[in-house]
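Take a look at the structure below.
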Amino acid sequence: MGKHGIEILNLDKNELLRMLNEALAEEWLAYYQYWIGARLMEGPMRSEVEPELLLHATQELNHAVLVVTRIIQLGGTPVLHPAEWPNLARCEYEAPVDPYVEVILNQNLTGERCAIQRYQEIADFTNGKDHSTHQMAVTILNEEIEHEQDIEEFLMDLQRLKEDMRKFRI
Ligand code: FE
Ligand code: FE
Ligand code: MG
Numbered sequence: 003m004g005k006h007g008i009e010i011l012n013l014d015k016n017e018l019l020r021m022l023n024e025a026l027a028e029e030w031l032a033y034y035q036y037w038i039g040a041r042l043m044e045g046p047m048r049s050e051v052e053p054e055l056l057l058h059a060t061q062e063l064n065h066a067v068l069v070v071t072r073i074i075q076l077g078g079t080p081v082l083h084p085a086e087w088p089n090l091a092r093c094e095y096e097a098p099v100d101p102y103v104e105v106i107l108n109q110n111l112t113g114e115r116c117a118i119q120r121y122q123e124i125a126d127f128t129n130g131k132d133h134s135t136h137q138m139a140v141t142i143l144n145e146e147i148e149h150e151q152d153i154e155e156f157l158m159d160l161q162r163l164k165e166d167m168r169k170f171r172i
């Protein structure tokens, strides 16, 4: 980004870059969490859940594009080694060792809640000080909120399905 674009920011740029690099690492881990989970997943509603998880994976990758673009604009260095992702990320990657749909969805749900927290913080930090990063954070935040809602709905439907099976002794 041009010098003036950086000069006008009324905040600690290094602190912001730290947060953005952590977010970048989290997006890549979230991408893989969805991408591998969707492929391993087994159980009811598979044909509905799988494409949605793959769509979410793509959306996480798009968040990584937004974040890395902003890091570079700010004159920062994006995380260069994938090996650093788990150190930078606050949202923990959970290996999908159990492929049951409910377990996979709960892993993704934990990730989404962590992402919501992350972008809420970046939005707060930049509010009224760095409009460009703020707008980006809000855009991503809205999508993470949507992701959380989608997963909660799948989990509710699965719960309902289990209750009905019990009730009607299917
Ligand atoms: Fe994301
Ligand atoms: Fe998400
Ligand atoms: Mg969705």
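Start counting at 1 in the sequence shown, then tack on 2, and there's your number in the working numbering.
No residue lacks a Cβ here, since even glycine has one placed at the ideal position from N, Cα and C.
- In the assembly as shown, His6 is an exposed residue. Its beta-carbon has fewer than 16 other beta-carbons within 10 Å.
- Taking the CA atoms as reference points, Gln119 sits about 22 Å from Gly39.
- The beta carbon of Glu54 is closer than 7 Å to those of Asp152 in its chain, skipping five residues each way along the sequence.
- Taking the Cβ atoms as the reference, Val81 lies roughly 6 Å from Leu26, within the contact range of under 8 Å.
- The DSSP-derived three-state label of Tyr95 is coil.
- Ligand 2 has a heavy atom closer than 7 Å to the beta-carbon of Glu146.
- Taking all protein chains shown into account, His149 has 16 or more neighbouring C-beta atoms within 10 Å of its C-beta and is therefore buried.
- If you look at His83, you'll find it isn't in any alpha helix (DSSP H); DSSP assigns it neither H nor E.
- The Cβ atoms of Trp87 and Trp30 lie closer than 8 Å to each other.
- For Val70 and Gly78, the gap between their C-alpha atoms comes out near 9 Å.
- Secondary structure within the segment 99 to 153: the alpha helix (DSSP H) runs of 4 or more consecutive residues, fully enclosed, are 103 to 128 (chain order).
- In this structure, Leu76 lies away from Lys169, with their beta-carbon atoms at least 8 Å apart.
- In this structure the segment 89 to 104 does not lie against the segment 61 to 69, because fewer than three pairs of beta carbons, one per stretch, are closer than 8 Å.
- Leu57 has its CB nearer than 7 Å to a heavy atom of ligand 3.
- Around Arg72, the same chain offers Leu22, Ser134, Thr135 and Met138 as residues with beta carbons nearer than 8 Å, after the five sequence neighbours per side are excluded.
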